[in-house]
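Take 1 as the starting number for the sequence shown in my numbering and just add one per residue.
Ideal Cβ placement from N, Cα and C applies to all residues, glycine included.
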Amino acid sequence: MTDSKLEDKLFMQVLESTKTIAMVGVSSIKKEEDVKNIKRRPSIIVMQYLQEFGYKVIPVNPFSAGNSICGEIAVSKLSDIKVPIDIVNVFRPSKETPAIAKDAAEIGAKVLWLQFGIQNGNAKEIAKSANMVYVANRCIKQEYQRLFLKINPVFPALLRTD
1 MTDSKLEDKL FMQVLESTKT IAMVGVSSIK KEEDVKNIKR RPSIIVMQYL QEFGYKVIPV
61 NPFSAGNSIC GEIAVSKLSD IKVPIDIVNV FRPSKETPAI AKDAAEIGAK VLWLQFGIQN
121 GNAKEIAKSA NMVYVANRCI KQEYQRLFLK INPVFPALLR TD
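#1: Can you confirm whether the stretch 141 to 149 touches the stretch 92 to 102 when touching is taken to mean that 3 or more C-beta pairs between the two stretches lie within less than 8 Å?
#2: Given a cut-off of 7 Å on the beta-carbon distance, is the pair Ser27 and Ile45 in contact?
#3: Can you tell me where the beta strand (DSSP E) with Tyr55 in it begins and where it stops?
#4: Find the nearest neighbour of Ala74 within the set Asp80, Gln115 and Ala65, judged by alpha-carbon distance.
#5: If I follow the unbroken beta strand (DSSP E) through Ala22, where does it start and stop?
#6: Grab the span of the beta strand (DSSP E) containing Val111 for me, first residue to last.
#7: Going straight from the alpha carbon of Leu114 to that of Phe53, what length do you get?
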């Protein structure tokens, strides 16, 4: 079996067994910001998409802790979450991911999933040493679409909706 087939099988197993995702770095609305702009942010698009397909997604954003994002109350940090987390999905810069990986390991997450453009060797080592699956530089939404819906994923942020 090729590496890409093995990777697809792993991603399918991960996504099929997942119930709860902690999304680190999900965008929040700032007081002076137009609500329309938040709807176009990749993290919001991905969060809403995952919710539509039945996943519970808990937003992790210290600037929005206690506020609602896409119908879920945001927490400040991973350790504030009181339910088991399957995937920690990351929308933060690569340099921040080792600390996030440590936090993910401490809460017993099964997967550390870094979105497009995000990867870090130290985070990978931390995840592997904690027996977490490490995924980097991949969009969880697009992988879901490709594997389960058999469609060529297009990131909706590139489409005009107004």
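So, from the listed chains and residues:
#1: With a cut-off of 8 Å, the stretch 141 to 149 and the stretch 92 to 102 do not count as touching, because too few Cβ pairs lie within range.
#2: No, they are not a contact pair.
#3: That residue, Tyr55, is in no beta strand (DSSP E); it is neither H nor E in DSSP.
#4: Ala65 is the residue among Asp80, Gln115 and Ala65 whose C-alpha sits nearest the C-alpha of Ala74.
#5: Here the beta strand (DSSP E) through Ala22 covers Thr20 to Val24.
#6: Val111 to Leu114 is the span of the beta strand (DSSP E), which, as asked, contains Val111.
#7: Looking at the two C-alpha atoms, the distance is approximately 20 Å.
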